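Peer 1: Residue numbers (our numbering), protein chains in the order written: chain A, 244 to 621; chain B, 1220 to 1326; chain C, 2 to 471. Cβ coordinates follow ideal geometry from the N, Cα and C atoms, glycine included. Nothing here was measured: the structure is a model prediction, and the numbers come from that model.
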Amino acid sequence: MGQNGEMKQHDAIVIGGGLVGAAIAYGLAREGLDTALIDEGDVAFRASRGNFGLVWVQSKGVGAPHYQRWTRLSAAEWPKLAAELGQRTGVAVGLEQPGGVQLCLGDEEFAGRQAMMEQMRTEAGNFGFEYRMLSHDELAETLPGLGPEVTGGSWTPYDGHVNSLYLLHALHKGFVERGGTYLPNRTVDYAAAQPHDFRLGSGADEIAAPRIVLAAGLGNAALAPLFGLSAPVRPQRGQILVTERSERIWPIPLGSLRQTLEGSIMLGSSEEEVGFDTGQRPEVMQAIAARAVRTFPWLAELQIVRAWSALRVMPPDGKPIYDESEKFPGAFTANCHSGVTLAGAHANAFAPMVAAGALDPMMLPFSARRFDIPQAAE
Amino acid sequence: MSLFRKVSEPAAAKAGVIVTVEGRDVPVPEGASAAAAVLLAGSDAIRETGVSGAPRAPYCMMGVCFDCLAEIDGIPNRQSCMVTVAPGMVIRRQHGKRTVDTAVAAE
Amino acid sequence: MTTEKIDFAVIGAGPAGMAAATLAAELGLDTVLIDEQDAPGGQIYRGVERAQDNSPLGADYLAGKPLAAALRASGATYLPATTVWHIDPDGTLSLISAAGARTLRARRILIATGAIERPVPIPGWTLPGVMTAGAAQIMLKSAGLVPTGRVVLAGQGPLIWLVAAQLIRAGAPPALILETTSLGNYHFAAHRLPAVLWPSRRALAKGIGFIGEVKRAGIPIIHRVTGLAARGRDHLETAVWNGCETQADLLLLHEGVIPNTQISLALQLEHRWDVGQLCWRPVADEWGATALSTISVAGDGGGIAGAEAAALSGRLAALDAASFLDKIDPAERDRRARPVHRALKREQAIRPFLDALYRPAPAVLVPADEVIACRCEEVAVVQIRRAARLGAQGPNQAKAFTRCGMGPCQGRICGSIVSAVMADTLGRPIAAVGTYRPRAPYKPITLGALAGFEHPEGLSEALTGAVGGA
């Protein structure tokens, strides 16, 4: 800890201790880098605390095949990451990747979903994208009590779910266990950036490193310009309902519904543009409940014991922003709203890139420079 | 042995309500909660937790602790201290995680 | 379903809520009183409408009868067996009852949800057969039931003596009283006694009266008890303390009461840690008004002061609401409030003395490592400490790491324990560590009830796109 002008030198600094920052920091520590992870306190926006827990692949990257490939990479890394975390920290994150189904109500939804899946497959080209559209009757075999309004659903083998809070816990534990320095309850008071030389002041502390990763979620928008980066993310609110624990009913995650290993059923999803408001709206909760009950009528009997809202970190086009600074080489940023799904990629692919000093060319389409290009008329 | 009994006063011995606790008929004073009925019936525990299976009984009797969860008239996980007894009420222990009847038809 | 617009919504039909709703209606406010239970009275006056004049619960309890009668006779709309599951700072209340879901839009809301027993986390406190002293009193109040078997009453506070006296009168005297008041507390309290001797003479006399009644009944009392624990395999078998042990069928615990802050915290009202009462209280002025102009608090939910004080603070809240809503002018509000303020001051006078005398020992707030802190999720104190050492800075991060606070009680029981344990582990004051942030639904509601809850004026423009898409 630096005092009286003393600077604490590290190999890397990560700003933001949520799922994105913690995964990257863990990966850096595993690469052998002396890493400092700066985090806020108990009361903060923390999209990671509001996460649904899906490792969701099938809907990622329509019109942007690079995003689908990145997501698939992450899904493939996930089992390794889960096993490693379990072994090293004793925290079992509860990963299950049996594939997943997004259920459709009505013919129009089904047709739309099928078209989307077909587009994903076409765009995937040789990389491939395996999916099946399943009918109501095919699904009813595995999903008891499936509502009559469900016309069918899209299935891919890549999807899964995990306990996102256990994941956060495990990443933090694993980070510290590998020698990482966790600095909570801090904000960045000042920052000085030079190529491969970054200094941060936070309270009485001063830290410095030749590499820095901005993973502060919604906070990145303000931090990025200080490091020659751009992270135009905005908050997008989502609300989630959780039921009392029940006997295991669903063997697979169902997109906006899933059952945890503890037995609780989680229900989403919703999108609201309300700025930084973390309140709850009964109308939205009602809409989530109404759709859930149409999907599985027997859900009506279950009690909601918990609910919350959280702010997604949303880039303008919904796709992640990964970037390295041209002005200040050594500065990187990672922004996404799928911190769970992409944890595998963040720890096992992105962190090594940062350690090596440069992002792989495959990351170029994720750069924020894509927002500078004037949109072609649609 | 019941943990509780009626105060031996004529006023309290007024017309009670018969409910069923774990298959046994139990006379309970009017106005008593289902949790009180379970305690009157002599049950050691009202539930086993869905976390570890540990036995639990009512703790606060005022709707704060949620340890009095029981199955009442077929509905699982009800706060029995917040439910007033009614004639013929069927009260059963809550054994851990609730079961689900997936055959329930849409409304 | 349309949203009914009203002036004043009161949550909680205890003394504060009953007094507030009655006076508000009298002052011409369109008032609704909402309560979860079937009948008015809250906890302190639970079942009072059905109580007999010779009730073993005593005269103080029967004082709730006229309050309930006045409520019934008033113009306030009383909604029993109704749960508030969400409140929006704009004054919208989401309610659920057997009749279904409904919404109210109030111009002022009074939170009068009272107090809860301070949790007493001793080893074995989750065993069947361990309850709160208040729970035994509720059994007596609501159903005329008394414990059989060997009852041990353990803890400290006026309620210990009150419940012991009530049980004696009801023919079921406790077998043993284990009083946890420390020697230090006596010294502290002795300093406060001179100041309260005259103003609180009646309350003190009453307390001494109960203690005398219990002693005359020959109940063994052991003082300065520490190291309390409950032992047994599947249920309570013995009560343990100071290296002693006694057989027990029922162990009734009590270490005072603390404000029920579930709704006030959910609304994100500012709370302060009261170092005298060792509890969180919503920040409110002398009228109960908060920084949110739509929300006010009254009664023990704002700070512990007892039933009489609660009724008085309810009246102040009603007067303030009437002035806020232009039914009376501020001068009239102040005029009518003057005697109420004076009476309230008198009622509150004894508090510093009681708070000092019955101050819980540190182990009540920070139990031993192996004790369960979160009863719902069965999380032990040591797990909370580990989360703090890993970097969790407050209860919300501890919740994320350990699941404590995620059960159906939503942190009502474990909240104070977790804040204290984390403060102790992190070496910071409790006030800095903070509290959980409770969320709606404040009490569980079924998906079916929620699905049937129709939004009053259509989904607003703020709601975009995919509900249900992933």
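#1: Give the single residue among A:E515, A:E249, A:H253, A:V263 whose Cα lies nearest to the Cα of A:V583.
#2: Please classify C:L105: is it buried, with 16 or more other beta-carbons within 10 angstroms of its beta-carbon, or exposed?
#3: I'd like the span of the beta strand (DSSP E) that includes C:E246, first residue to last.
#4: Could you name the residues of the same chain whose beta carbon sits closer than 6 Å to that of A:K570, not counting the 5 residues immediately before and after it, in chain order?
#5: How many angstroms separate the CA atom of C:R343 from the CA atom of C:S98?
#6: Looking only at its chain, what residues have a beta carbon closer than 6 Å to the beta carbon of A:G573, apart from the 5 residues adjacent to it on each side?
#7: By the criterion of Cβ-Cβ separation under 9 Å, what are the contact partners of C:R106 in chain D?
#8: Helix, strand or coil: which one does DSSP assign to A:F353?
#9: Between C:L28 and the rest of its own chain, which residues show a CB-CB distance below 6 Å, the 5 nearest in sequence each way excluded?
#10: Tell me the DSSP secondary structure of C:A463 in three-state form.
#11: Taking the straight line between their C-alpha atoms, what separation do you get for C:G244 and C:A231?
#12: Under 8 Å: do the stretch 186-206 of chain C and the stretch 161-175 of chain C share three or more Cβ pairs, one atom per stretch?
#13: Based on the DSSP secondary-structure assignment, which residues constitute the bridge partners of A:Y565?
#14: Could you tell me which chain B residues have their CB closer than 7 Å to the CB of C:M140, listed as they occur along the chain?
#15: Looking at the C-beta of C:Q349, does it have a partner C-beta in chain A at a distance below 8 Å?
#16: DSSP three-state label for A:E249, please.
#17: Using DSSP's beta-bridge definition, name the partner residues of A:S489.
#18: Does B:M1280 pass the burial test, meaning 16 or more other C-beta atoms within 10 Å, or should it be called exposed?
#19: Looking only at its own chain, which residues have a Cβ that is under 7 Å from the Cβ of A:L411, when we skip the five neighbours before and after it?
#20: Can you check whether the CB of A:P563 is closer than 8 Å to the CB of A:Y310?
#21: What are the uninterrupted segments assigned as alpha helix (DSSP H) that are 4 or more residues long and contained completely in the stretch 99-154 of chain C, given in chain order?
#22: Which bits of chain A does B:G1269 rub up against, with CB to CB less than 7 Å?
#23: Measure the alpha-carbon distance for C:V241 versus C:S183 and round it to whole angstroms.
#24: If you check the beta carbons only, do C:A312 and C:S297 fall under 8 Å apart?
#25: Please list, in chain order, the chain B residues whose beta carbon lies closer than 7 Å to that of C:E378.
#26: Are there three or more Cβ pairs, one per stretch, closer than 8 Å when the stretch 281-297 of chain A is compared with the stretch 380-391 of chain A?
#27: Find the residues of chain C that neighbour A:Y425, judging by a C-beta separation of less than 7 Å, and give them in chain order.
#28: For the putative contact between A:G498 and A:S317, defined by C-beta atoms under 8 Å, what is the C-beta separation to the nearest angstrom?
#29: Measuring alpha carbon to alpha carbon, tell me which residue in C:I88, C:R108, C:H87 is nearest C:D8.
#30: Name the residues in the stretch 145-164 of chain C whose C-beta lies less than 8 Å from a C-beta of chain B; which are they?
#31: For the beta strand (DSSP E) that C:A240 lies in, which residues bound it at each end?
#32: Quick check: what's the CA-CA separation for C:T1 versus C:M407?
#33: Answer with buried or exposed for A:F622, where buried requires no fewer than 16 other C-beta atoms within 10 angstroms of its C-beta.
#34: Using beta-carbon positions only, say whether A:I256 and A:A458 come within less than 8 Å of one another.
#35: Hey, quick one: how far does the beta strand (DSSP E) through C:T79 stretch, first residue to last?
#36: List the residues of chain B that A:I492 touches, going by C-beta distances under 9 Å, in chain order.
Peer 2: The short version:
#1: For the residues A:E515, A:E249, A:H253, A:V263, the minimum Cα distance to A:V583 belongs to A:V263.
#2: Residue burial annotation: C:L105 is buried, with at least 16 other C-beta atoms found within 10 angstroms of its C-beta.
#3: 245-248
#4: G471
#5: 39 Å
#6: For A:G573, where only same-chain residues beyond five positions count, the Cβ hits under 6 Å are H439, P453, R454.
#7: Reference to chain D is not applicable here, since the protein chains of this structure are A, B and C.
#8: helix
#9: Counting only Cβ-Cβ distances below 6 Å, and skipping sequence neighbours, we find A323, K328.
#10: Confidence in C:A463 is poor, its pLDDT being 38 and thus under 50, which makes the residue's placement too unreliable to answer from.
#11: 12 Å
#12: no
#13: A:A577
#14: Within chain B, the residues near C:M140 are F1223, A1255, M1280.
#15: no
#16: coil
#17: B:R1317
#18: buried
#19: L262, A265, S291
#20: yes
#21: 134-144
#22: R488, G506
#23: 17 Å
#24: no
#25: Neighbours of C:E378 on chain B, chain order: V1270.
#26: no
#27: Those within 7 Å of A:Y425 in chain C are G392.
#28: A Cβ-Cβ distance of about 17 Å is found for the pair A:G498 and A:S317, leaving them out of contact under the 8 Å criterion.
#29: C:R108
#30: Listed in sequence order: G145, L146, V147, P148, T149, G150.
#31: It spans 239-242 - the beta strand (DSSP E) in which C:A240 sits, taken as one unbroken run.
#32: A question about residue 1 of chain C goes unanswered here, because the residues of chain C that appear run from 2 up to 471.
#33: Only positions 244 to 621 of chain A appear in this structure, which leaves residue 622 of chain A out of reach.
#34: no
#35: Per the sequence shown, the amino acid found at residue 79 of chain C is Tyr instead of Thr. Where C:Y79 is concerned, the enclosing beta strand (DSSP E) stretches over 78-80.
#36: Within 9 Å Cβ-Cβ: V1319, T1321.
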